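Quick note, my numbering runs 2 ahead of the 1-based positions in the sequence shown. Where a beta carbon is used, it is the ideal one built from N, C-alpha and C, also for glycine. Given the structure is predicted, the values throughout are model-derived calculations rather than measurements.
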Amino acid sequence: MQSLGASMSTDDEDGSPRTLKTVTVATQVIEVVRERGSVGVTELAEYLDLSKSTAYIHLKTLEENGFLVQRDGAYEIAFKFFVLGEYARNRSPLYQYGKPEVDELAEETGQYTHIVTEENGHGVNLYQVKGETSISDDYQSEKPQHRDHLHYTASGKAILAYLPRERVEEIVDSYGLPARTANTITDADELFAELEAIRERGYAYNDGEEIEGFRAIGAPIRNPKGEVLGSLSVSGPASFMRDERFHEELPERVTRAANVVEVSLNMNSHA
C-alpha cells in the first residue's frame, strides 16, 4: 500500500511544481512590510487586494511565529530574519574563507569591498566592509539589504561571465537588463561581448554603470571544476580609481585576493 505522500503528485498537469497560495501570500506580506517599513491591517489589505480579515490573519500568524512584531498598531520585520540570515551566511564557505581577504582588501584600499554570490538570478551581498577613506552614502551602506541585478555591477558581471550561457540567457529573460545610469549595458549582445572580454582578462569593470561617478572591479571565485561560486570586488569614486590605478593596480589586488579565497576554499572545503 502506497503512503499518502507517495500517492500525492507534487506537480500540476503541465509538469510545473505546485505551490501553496497561503505561503505565496505570506511571502508577499513580508515583502510589503520590508518595503514600507511597517504596515497596518487596512494598508496591507488595500495593497494586496485582500479582505481585512485575511490580511489580519496573515499578519497575526507571522507575528505569532516570530517573523513580524507589532508596534503602535503596525507590523514590522522581526529580528528572526537577522538570526536566519546570519545562520545562512555563516554556513557559507564563500563567506568563511572570503571574509579575511575582504577585510584586508578594505584596509589596503580604504574603499568599500564586497563578497557577492548569485541566488535566484540576483546578486546577494554576503559581506561588505567600508574602508577608512571611502565615501559614506546610504546606497552603499544599504546594499546588503537588497538584491542587485547582476549586469550593472562588477561583482555581478564577474559572476555572469562564468555561468553557462544558457543560465545567463535565462536570467536576462526573467529580469531584463534595466538601466541604472547612461553607462549601464542594456543590450544582450553587448552584454555577452562584455562577458567574453571579462573571461579573457579575468576580472570585470564597472565604470559608472551602477552609480554615476563610481567605479568598481570584481573578480570571480570558482571551484576546481571552474564553476563560479561568487565574486570579490572593490568599489569607490572615480576620483580614487583613476587611469593606472583603475586599469592595473586595483585589478591585480582584487584578482590576487580572489585567488587566495579560491585556494582556501578548495583546500579546506573541496567546494
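- Message: Suppose contacts are defined by Cβ-Cβ distances below 8 Å. Is Gly125 in contact with Tyr177 by that definition?
- Response: By 1-based counting over the sequence shown, the position of residue 125 is 123. By 1-based counting over the sequence shown, the position of residue 177 is 175. Their beta carbons are not under 8 Å apart, which means Gly125 does not touch Tyr177 by this criterion.
- Beta-carbon gap between Ala28 and His60 smaller than 8 Å: Here residue 28 refers to the residue found at position 26 when the sequence shown is read from its first residue. Here residue 60 refers to the residue found at position 58 when the sequence shown is read from its first residue. In contact: Ala28 and His60 (Cβ atoms closer than 8 Å).
- Item | DSSP state of Ala28 mapped onto helix, strand, coil | In the sequence shown, residue 28 corresponds to position 26, counting from 1. Three-state DSSP puts Ala28 in a helix.
- Item | Uninterrupted alpha helix (DSSP H) stretches inside the stretch 74 to 128 (no shorter than 4 residues) | 82 to 92, 95 to 111
- Item | Residue closest to Ser241, alpha-carbon to alpha-carbon, out of Gln113, Ser94, Ile32, Ser40 | Taking the first residue of the sequence shown as position 1, residue 241 is located at position 239. For Ser241, the nearest C-alpha among the options comes from Gln113.
- Considering only the beta carbon of each residue, do Pro222 and Ser233 sit closer than 8 Å? Taking the sequence shown and counting its residues from 1, one reaches residue 222 at position 220. Taking the sequence shown and counting its residues from 1, one reaches residue 233 at position 231. Yes, the pair counts as a contact, with Cβ atoms nearer than the cut-off.
- The beta strand (DSSP E) spanning Asp209 covers which residue range? Reading the sequence shown from its first residue, position 207 is the one you call residue 209. Its beta strand (DSSP E) spans residues 206 to 209.
- Message: As a quick exercise: from Ile161, Val35, Arg244, pick the residue whose alpha carbon is nearest that of Val230.
- Response: In the sequence shown, the residue the question calls residue 230 occupies position 228. When each option's Cα is compared against that of Val230, the closest is Ile161.
- Task: Can you check DSSP and say which residues form a bridge with Ser237?
- Result: Numbered from 1 along the sequence shown, position 235 holds the residue referred to as residue 237. Beta-bridge pairing links Ser237 to Tyr114, Ala218.
- Task: Determine the DSSP secondary structure at Leu223, reduced to helix, strand or coil.
- Result: For the purposes of this step, residue 223 is identified with residue 221 of the sequence shown, where counting begins at 1. According to the sequence shown, residue 223 is Ile rather than Leu. Strand.
- Task: Taking Lys132 as part of the alpha helix (DSSP H), name the residues at either end of that continuous run.
- Result: The residue you call residue 132 lines up with position 130 of the sequence shown. First-last for Lys132: undefined, no H or E at that position.
- Message: Output needed for Gly68: all residues of its chain with C-beta closer than 8 Å, excluding positions within five of it in sequence on either side, in chain order.
- Response: Within the sequence shown, numbered from 1, the residue matching residue 68 stands at position 66. The answer, listed in chain order, is Ala80, Lys82.
- Name the DSSP bridge partner or partners of Gly232? Counted from its first residue, the sequence shown places residue 232 at position 230. Gly232 pairs with Ile223.
- Give me the Cβ distance between Gly215 and Pro239, rounded to the nearest whole Å; I'm assuming they're in contact under 8 Å. For the purposes of this step, residue 215 is taken as residue 213 along the sequence shown, with counting starting at 1. For the purposes of this step, residue 239 is taken as residue 237 along the sequence shown, with counting starting at 1. About 6 Å; that satisfies the 8 Å criterion.
- Item | Span of the alpha helix (DSSP H), counted from its first residue to its last, around Asp51 | Locating residue 51 in the sequence shown gives position 49, counting from the first residue. Neither: Asp51 is in no alpha helix (DSSP H) and is coded neither H nor E.
- Task: Could you name the residues of the same chain whose beta carbon sits closer than 7 Å to that of Arg203, not counting the 5 residues immediately before and after it, in chain order?
- Result: For this step, residue 203 is matched to residue 201 along the sequence shown. Once the five neighbours on either side are set aside, Arg203 has no close Cβ partner at all.
- On the three-state DSSP scale, how would you describe Asp150? For the purposes of this step, residue 150 is taken as the residue at position 148 of the sequence shown. Looking at Asp150 - three-state DSSP - the assignment turns out to be strand.
- Item | Extent of the continuous alpha helix (DSSP H) run through Asn270 | Residue 270 sits at position 268 when you count from the first residue of the sequence shown. Unbroken alpha helix (DSSP H) run through Asn270: 252 to 270.
- Message: Only counting the same chain, and skipping five residues up and downstream in sequence, which positions put a Cβ closer than 7 Å to that of Asp209?
- Response: Taking the first residue of the sequence shown as position 1, residue 209 is located at position 207. Here the set comprises Asn185, Arg217.
- Residue(s) in a DSSP beta bridge with Leu70: Taking the first residue of the sequence shown as position 1, residue 70 is located at position 68. Ile79.
- Taking Cβ to Cβ, would you say Gly133 is nearer than 8 Å to Thr111? The count along the sequence shown starts at 1 and reaches residue 133 at position 131. The count along the sequence shown starts at 1 and reaches residue 111 at position 109. The answer is yes: Cβ separation under 8 Å.
- Test item: CB-CB of Leu193 and His151 under 8 Å: Your numbering for residue 193 matches position 191 in the sequence shown. Your numbering for residue 151 matches position 149 in the sequence shown. It is not a contact, given that the beta carbons lie outside the stated cut-off.
- Between Thr188 and the rest of its own chain, which residues show a CB-CB distance below 7 Å, the 5 nearest in sequence each way excluded? Mapped onto the sequence shown, residue 188 falls at position 186. So the qualifying residues of the chain are Leu179, Ala181.
- Message: Looking at Val263: is its Cβ nearer than 8 Å to the Cβ of Gly100?
- Response: Here residue 263 corresponds to residue number 261 of the sequence shown, with the count starting at 1. Here residue 100 corresponds to residue number 98 of the sequence shown, with the count starting at 1. In contact: Val263 and Gly100 (Cβ atoms closer than 8 Å).
- Name the two residues that bound the continuous alpha helix (DSSP H) containing Phe194. Against the sequence shown, residue 194 aligns to sequence position 192. From DSSP, the alpha helix (DSSP H) with Phe194 extends over 190 to 203.
- Do you know whose CA, among Tyr58, Phe248, Lys62, lies nearest Tyr205's CA? Position 203 of the sequence shown holds residue 205. Looking at the Cα atoms, Phe248 is the closest of the given residues.
- Which stretch, first to last residue, makes up the alpha helix (DSSP H) that contains Leu162? Here the question's residue 162 lines up with position 160 in the sequence shown. Looking at the DSSP string, the run of the alpha helix (DSSP H) that includes Leu162 is 156 to 162.
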